[in-house]
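Counting from 1, position 80 in the sequence shown corresponds to residue 419 in the numbering used here; the numbering is continuous, with no gaps. Every residue gets a Cβ at the ideal spot worked out from N, C-alpha and C, and that includes glycine. In this text the structure is predicted, and so the values were computed from the model without any measurement. Notes for the one structure printed next.
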Amino acid sequence: LEAKNMDIVIREFAAGDEDAYGKIDDSFVVDSILVPSLKGREFGFAVESVPSYTKSYKDEVNSDAENEDEDCSESVGGPDRIRYLAWAGDEPAGRIALTRNWNKYALIEDIAVDRKFRGLGIGRKLIDRAKRWAKDGGMPGLMLETQNNNVNACRFYQSCGFVLGGVDRYLYRGIPRNKDEVALFWYLLFE
């Protein structure tokens, strides 16, 4: 891909960007799961292989009837909510959505790098932009939730300085296709 020579530009989501935001291919191959463990007050984890399949959050959201009319306009700007898009030339290459959570942290509600642009540092640039937004807003850090079957994302968050701060075995139990997934809560503390 010639994108390695492209400038990557991160800019705030604006009215009219809905199509670009939705075009990002967030699919990934699941071939392992993260198995958390607790020793004292610290979480650790091991990785176990599983039969391979492809997962896409976009497919899951689009199949949920209650999400069909999702309105992106509420995420345009404001002191407590923001979205950014990463562009490689004129192609949307990544996205991140942030809100000021009830516990004062910046909650990363969504982060994705398009499949064909992975490995170019776009995810790290999006995290850097999120850190700047959170620090400018006086927040103590970033937090996010992902699932134990998104091992590459978990390793990425860890490489960015996030620590595993919580585990919820039951969060997805009510969704038949996701009932075996374990929710993992990651934190990047500024102090």
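(request) Can you have a look at Ala-353 and say buried or exposed, based on whether 16 or more other CB atoms are within 10 angstroms of its CB? (result) In the sequence shown, counting from the first residue as 1, residue 353 sits at position 14. Exposed is the call here.
(request) Could you tell me if Arg-350 is buried or exposed, where buried requires 16 or more neighbouring beta carbons within 10 angstroms of its beta carbon? (result) As a working note, residue 350 is residue 11 in the sequence shown. Exposed.
(request) Answer yes if the stretch 442–450 comes into contact with the stretch 476–495, meaning at least three C-beta pairs across the two stretches below 8 Å, and no otherwise. (result) yes
(message) Given this structure, state the Cα-to-Cα distance separating Cys-499 from Tyr-360, to the nearest angstrom.
(response) Counting from 1 along the sequence shown, the entry for residue 499 is found at position 160. Counting from 1 along the sequence shown, the entry for residue 360 is found at position 21. Rounded to whole angstroms, Cys-499 to Tyr-360 spans 23 Å at the Cα level.
(request) Can you check DSSP and say which residues form a bridge with Gln-486? (result) As a working mapping, residue 486 is identified with position 147 in the sequence shown. Gln-486 pairs with Ala-522.
(message) For Gly-355, report the span of its beta strand (DSSP E) as first-last.
(response) Indexing the sequence shown from 1 puts residue 355 at position 16. Unbroken run through Gly-355: none, as it is neither H nor E.
(message) Between Asp-452 and Gly-433, how many whole angstroms is the CB-CB distance? I'm expecting something under 8 Å.
(response) As a position in the sequence shown, residue 452 is number 113, starting the count at 1. As a position in the sequence shown, residue 433 is number 94, starting the count at 1. The sequence as given places Val at residue 452; Asp does not occur at that position. Yes, Val-452 and Gly-433 are in contact; Cβ-Cβ is about 4 Å, under 8 Å.
(request) Could you tell me which residues DSSP pairs with Asp-449 in its beta bridges? (result) Walking along the sequence shown from the start, residue 449 turns up at place 110. Paired residues: Ala-436.
(message) Can you check which of these residues, Val-490, Glu-381, Ala-436 and Asn-488, is closest to Arg-468 by C-alpha distance?
(response) If you number the sequence shown from 1, residue 468 lands on position 129. The shortest C-alpha separation from Arg-468 is found at Ala-436.
(message) Taking 6 Å as the limit between beta carbons, can you name the residues of its chain near Val-383, skipping five residues before and five after?
(response) For the purposes of this step, residue 383 is identified with residue 44 of the sequence shown, where counting begins at 1. What sits at residue 383 in the sequence shown is Gly, not Val. Hits under 6 Å: Ser-376.
(request) Return the residue from the list Arg-463, Ser-366, Gln-486 and Glu-530 that minimises the CA-CA distance to Asp-507. (result) The sequence position of residue 507 within the sequence shown is 168, counting from 1. Per the Cα distances, Gln-486.
(message) Short of 8 Å in beta carbon distance, which residues of its chain neighbour Arg-471, apart from the five on each side in sequence? Order them along the chain.
(response) Locating residue 471 in the sequence shown gives position 132, counting from the first residue. For Arg-471, where only same-chain residues beyond five positions count, there are no Cβ hits under 8 Å.
(message) The alpha helix (DSSP H) that contains Trp-472, what's its start and end?
(response) By one-based count along the sequence shown, residue 472 stands at place 133. Per DSSP, Trp-472 belongs to the alpha helix (DSSP H) from 461–475.
(request) Please go through the same chain and pick out, in chain order, the residues whose beta-carbon is closer than 6 Å to the beta-carbon of Leu-510, but skip the five residues on each side of it. (result) Taking the sequence shown and counting its residues from 1, one reaches residue 510 at position 171. Excluding positions up to five away in sequence, the list reads Ala-522.
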